[in-house]
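Notes follow the structure.
In the numbering used here, the protein residues as written are 175 to 296.
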């Protein structure tokens, strides 16, 4: 519904190398990625953490979460139709009850892991 369709091309292929040389592409890698093309480039990051941490190595920073919201998670469970779900982090007890009650999916919260909310880091 929104956005731009991205077409995958391996950066090690001839087509990928040509795209990198042309600078008419977006090179998407995980945050921990250390090896970049040798050509000059602009480096940007997309993470909720850019609201707290700034880095001079990035030309741009987009505060986008890498996590799904409640409705996205519910829709995922509806589409995948798993036999059971284990919920963790956030409102795991509420979410597991919701999945059981509303979707008829066996869902169980895992509550033994203590995680701080993001707001404590900001």
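We put the beta carbon where it would ideally sit given N, CA and C, even for glycine. Everything numeric in this text was worked out from a predicted model, so none of it was measured.
Quick check on residue i: does DSSP put it in helix, strand or coil?
i           : result
residue 259 : strand
residue 234 : strand
residue 207 : coil
residue 268 : helix
residue 282 : strand
Measure the alpha-carbon distance for residue i versus residue j and round it to whole angstroms.
i           : j           : result
residue 192 : residue 184 : 11 angstroms
residue 243 : residue 235 : 21 angstroms
residue 246 : residue 217 : 29 angstroms
residue 264 : residue 241 : 11 angstroms
residue 201 : residue 271 : 40 angstroms
residue 198 : residue 250 : 33 angstroms
residue 187 : residue 180 : 17 angstroms
Buried or exposed for residue i, please, with buried defined as at least 16 other CB atoms from any protein chain shown within 10 angstroms of its CB.
i           : result
residue 259 : buried
residue 261 : buried
residue 269 : buried
Taking residue i as the reference, give the member of the options with the closest Cα.
i           : options            : result
residue 239 : 269, 225, 280      : 225
residue 275 : 222, 206, 252, 220 : 252
residue 283 : 254, 267, 215      : 267
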